[in-house]
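J.: Have a look at this one before I ask anything.
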Amino acid sequence: MYAYNEFDQKFVRQRVSQFREQIEKRLNGSLSEEEFRTLRLMNGLYLQLHAYMLRIAIPYGSLNSDQMRKFAYIADRWDKGYGHFTTRQNIQFNWPKLENVADILDALADVNMHAIQTSGNCVRNVTADHFSGASIDEIEDPRPSAELLRQWSTDHPQFQYLPRKFKIAITGSPNDRAVVKAHDIGLRILRNQQGEVGYQVIIGGGLGRSPFVGHTIREFLPKADLLPYIEAILQVYNLGGRRDNKYKARIKILVHETGIEEITRRVEENFKLQKSEFQKPSDKLIAAIEKRFLAPDFEQSTYENFEAERSESPQFDIFVKRNIADHRRENYAIVTVSLKNIGQTPGDATSEQMRVLADIAQRFSHDELRISHEQNIILPHVQKRHLPEVYKLLQAADLASANIGLISDIIACPGMDYCALATARSIPVAKDISRRFDELKLEHEIGDIKLKISGCINACGHHHLGHIGILGLEKGGIENYQITLGGAADLTMAIGKRAGRGFSAEELLPAIERLIGAYLDLRTSREEVFLSSLKRLGHSPFIEALYPKKESQNVA
Amino acid sequence: MSLEFTQDQNSIIVRDGKFCPPHEQKPGKTIELKSGENFTPADFSDTDIAVIVINVLAFNDGRAFSQAKKIRTSGFKGILRLKGPVIADQYPLAIRCGFDELEISASEAKRQPQFQWSDALKRTRDNYLTRLTEMEVNGDQSELSPA
Ligand code: SF4
């Protein structure tokens, strides 16, 4: 975990008092409603359908037990006893009162947390691989680089009023778990032929109404050049991005309309100037930050009891198969705790569950927790010998669903239940689907599949990246759900293709059932997962299943 | 209070000598740029230019901040002025990007009185970017200096 120093602490406190002043200035008329809106967004405060929403950053998805307990405290004291973890490693509280917000921010500052730049047209919370520092396939922990970017972007004088929001993600492993190609800037840590560590820099990816797979702008950027290069990209974007139409204001549109060659030329030229502005090489800064990441003190241990429990309890064995990933240490494991119980809102956790997770993390995971972009919670460093006990504790808190990667492990945005922009419901759709396949007892039979749901074209539920994507629209006042097929969120990132006309809310679930039924009929064996069948057979047999009769003829 | 609030026809010039002493005040031409207007560093090599004014139409048009920074990077040493709707919370950002002064309308000055601007300036002192870019650091950040 990154340890705040005096400066970080002072900075966060100062922001809280500045925000208190801004609220006062709004009340006494110094600030107009529009001006205040911009400032409150930069401090994470949204106005939603029914109330304010406060979005708090969990930098690169890492937190400790004290911080998790503070979320529980906030949920109980100022909200409705729960919080919602988002696809961008933030937590949202859906019911704070404006007059309490500054107090909430102060409570967060007590545990070195904040809501700075979690919204607004600025550089947002930098996200990272949720297995950072634990996974077996990692080249380098991306979090020190992410922390450097957090510091650089925080209150950056040029980039607080960008054309639009700006999202950066970083992964340190060849298996991309941070969806770097769907971000304004995606960074992949890699080694060049000389064995030096640097970054592949990807720009202009994004979802929303015009989804794009990011372009590589630099195959290898030396670590020393990170800040001047990112600064160059942002300056080119700030000056060149469109400000006449908010739907065309993201960097992906600038890249698309200007061409990646011209953007590359501008960035590289600008980069040459930036180098003299950044006198401290970024690799040295990262090394200094690394020293402030308190690494867990890993222990040696044996784990016969773990193997024994697996053979005794089939339930535990299934949990291990679905929810456990390999740790870089052979006697440790990475545990993914599902926030997708059957019939539950994806990503929601009650204050009680937060406390249980905090306690488990403190006792069994070197005091560390992670939030994944798939809206689950990770215990990154659990010794295998402790897994049976951890499993029991999770079970008691209703947190032991063994469904990671299955059809009920759905990403869904808040949709019509909370979001002012929504055109359809998404949470109830997710609940219906997970309930239905649970009733059918088919979930484990179906195996690995990614289903993602957005409640409007803004695509916060990443539906473009779902093997099956569902997009809720509205047609003549009635919800209408479009299905896309074949999206993928890993390094082979692909944007799903629309299958055909949309479905009404009632038609949707039977359509998904037909689709899954077709897959089960068509696959060669259980080893062939949904996406592989789709790749082998093409989309047409699946489209036929979605649109029995003649309808499928018109579909491209 | 070292912050000056000077009436200039219908506008107010906001200037604080303490925070922006390095730039030269000398007689010469004033040139105006639109927000986002393209320029090349050569445009400012004319030594007669004393003041560059960047005009913005909306407070949330952030291009002027990058324009100012670019003009400074290219070596301009004269006075840089940001003209248009600005809120006091942006003043420190403007200073940090290289502006010397602001020109705001009388009505803006009325709803955001002088003390709000001088209060805002206190926030130019401590910021992450300076700590990350400049060699000479003191205090507990010395650990960030390259060895
Ligand atoms: S996708 Fe649309 S409905 Fe869902 S959270 Fe984003 S803006 Fe709201």
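In the order they appear, the protein sequences are chains A and B. Residues are numbered in the numbering used here as their position in the first sequence, beginning at 1, plus a constant of 96. Residues are numbered in the numbering used here as their position in the second sequence, beginning at 1, plus a constant of 28. For glycine and all other residues, C-beta sits at the position ideal for the given N, C-alpha and C. Given the structure is predicted, the values throughout are model-derived calculations rather than measurements.
Give a yes or no on contact between the region 526 to 533 of chain A and the region 576 to 593 of chain A, applying the rule of three or more CB pairs nearer than 8 angstroms.
T.: Judged by Cβ distances under 8 angstroms, the region 526 to 533 of chain A makes no contact with the region 576 to 593 of chain A, as fewer than three pairs qualify.
J.: Using a Cβ-Cβ cutoff of less than 7 angstroms, which residues in the same chain neighbour E60/B once the five nearest sequence positions on both sides are dropped?
T.: Cβ neighbours of E60/B beyond the five flanking positions: V81 and N83.
J.: Report the three-state DSSP secondary structure of F93/B (helix, strand or coil).
T.: Helix at F93/B.
J.: Kindly indicate which three-state DSSP category Y156/B falls into: helix, strand or coil?
T.: DSSP places Y156/B in helix when its eight states are reduced to three.
J.: Under the three-state reduction of DSSP, which class applies to E234/A: helix, strand or coil?
T.: Coil.
J.: Can you find at least 3 beta carbon pairs, one from the region 492 to 501 of chain A and one from the region 119 to 134 of chain A, that sit closer than 8 angstroms?
T.: At 8 angstroms Cβ cutoff, the stretches do not touch.
J.: Can L642/A and L604/A be called in contact, C-beta distance under 8 angstroms?
T.: Cβ distance not < 8 angstroms, so L642/A and L604/A don't count as in contact.
J.: With DSSP run on the structure shown, which of helix, strand or coil describes Y257/A?
T.: Correct three-state label for Y257/A: coil.
J.: Can you give me the C-alpha to C-alpha distance between E65/B and G573/A, rounded to a whole angstrom?
T.: Spanning the two alpha carbons is a distance of roughly 44 angstroms.
J.: Determine whether the Cβ of S126/A lies closer than 8 angstroms to any Cβ atom of chain B.
T.: It does: the Cβ of S126/A has a partner Cβ on chain B nearer than 8 angstroms.
J.: Out of L633/A, C218/A and T432/A, which one is the CA nearest neighbour of A345/A?
T.: Checking every option, the nearest Cα to that of A345/A belongs to C218/A.
J.: Classify R632/A: buried if its beta carbon has 16 or more other beta carbons within 10 angstroms, exposed otherwise.
T.: Counting Cβ neighbours within 10 Å, R632/A comes out exposed, since fewer than 16 surround it.
J.: Give the interface partners of K106/A over in chain B, defined as CB-CB distance under 8 angstroms, in chain order.
T.: The answer, in chain order, is D154.
J.: So, is D251/A buried or exposed, given that buried needs 16 or more other C-beta atoms within 10 angstroms?
T.: So D251/A counts as buried.
J.: Name the DSSP beta bridge partners of F599/A, please?
T.: In DSSP, F599/A forms a bridge with Y577/A.
J.: So, D444/A versus Y178/A, is the Cβ gap smaller than 8 angstroms?
T.: Result yes, Cβ atoms of D444/A and Y178/A sit closer than 8 angstroms.
J.: Under 8 angstroms by Cβ, that's how I've got G511/A and G565/A pegged, so tell me the actual separation to the nearest angstrom.
T.: That pair is no contact at about 14 angstroms.
J.: Any beta carbon from chain B within less than 8 angstroms of L286/A's own beta carbon?
T.: Not one chain B Cβ lies under 8 angstroms of L286/A.
J.: Please work out which residues of its chain come closer than 8 angstroms, Cβ to Cβ, to K121/A, disregarding the five sequence neighbours upstream and downstream, and give them in chain order.
T.: Answer for K121/A: L127 and F132, listed in chain order.
J.: For E426/A, count the other beta carbons within 10 Å of its own beta carbon; 16 or more makes it buried, fewer makes it exposed. Which is it?
T.: Looking at its Cβ environment, which holds fewer than 16 other Cβ atoms inside 10 Å, E426/A is exposed.
J.: Name, in chain order, the residues that DSSP records as bridge partners for N66/B.
T.: Answer is none; N66/B lacks a bridge partner.
J.: Bridge partners for S176/B per DSSP, in chain order?
T.: Only positions 29 to 175 of chain B appear in the structure, and residue 176/B is not among them; the question remains open.
J.: Examine chain A for any beta-carbon lying closer than 8 angstroms to the beta-carbon of Q169/B, and answer yes or no.
T.: Residue confidence for Q169/B is low, a pLDDT of 46 falling below 50, so the modelled location carries little weight and cannot support an answer.
J.: If you reduce the DSSP assignment to three classes, tell me which class F412/A lands in.
T.: F412/A falls in the helix class under three-state DSSP.
J.: So if I threshold CB-CB distances at 7 angstroms, which residues from the region 121 to 144 of chain B count as touching chain A?
T.: For the region 121 to 144 of chain B, which is checked against every Cβ of chain A, the residues closer than 7 angstroms are L121, R124, C125, R139, Q140 and Q144.
J.: So, does the CB of S94/B fall closer than 8 angstroms to a CB anywhere in chain A?
T.: So yes, S94/B belongs to the interface.
J.: Can you give the beta carbon distance from L569/A to M164/A, rounded, assuming they're within the 8 angstroms contact cut?
T.: At roughly 36 angstroms, the Cβ-Cβ gap does not stay under 8 angstroms, so L569/A and M164/A are not in contact.
J.: Can you give me the C-alpha to C-alpha distance between G634/A and G592/A, rounded to a whole angstrom?
T.: Cα to Cα, G634/A sits roughly 12 angstroms from G592/A.
J.: What number of angstroms, rounded off, separates the C-alpha of T84/A from the C-alpha of A391/A?
T.: The question about residue 84/A has no answer here: the residues shown for chain A are numbered 97 through 652.
J.: Under the rule that 16 or more other beta-carbon atoms within 10 Å means buried, what is D168/B, buried or exposed?
T.: Any answer about D168/B is weak, because its pLDDT of 43 lies below 50 and its placement is not dependable; what the coordinates show is given next. The residue is exposed, with fewer than 16 neighbouring Cβ atoms inside 10 Å.
J.: I need the straight-line Cα distance from I123/B to Q254/A, nearest angstrom please.
T.: So the alpha carbons of these two residues sit roughly 11 angstroms apart.
J.: Between D280/A and chain B, is any beta-carbon pair separated by less than 8 angstroms?
T.: For D280/A, the answer is no, since every Cβ of chain B falls outside 8 angstroms of its Cβ.
J.: So what's E400/A in DSSP terms, helix, strand or just coil?
T.: E400/A falls in the helix class under three-state DSSP.
J.: Using a 10 Å radius around the Cβ and a threshold of 16 neighbouring Cβ atoms, would you call K548/A buried or exposed?
T.: Result: buried.
J.: Taking C-alpha atoms, which residue in G112/B, A78/B and A116/B lies nearest to R151/B?
T.: Among G112/B, A78/B and A116/B, the Cα nearest to that of R151/B is on A116/B.
J.: Could you name the residues of the same chain whose beta carbon sits closer than 8 angstroms to that of Q449/A, not counting the 5 residues immediately before and after it, in chain order?
T.: Contacts found: A493, D494 and L495.
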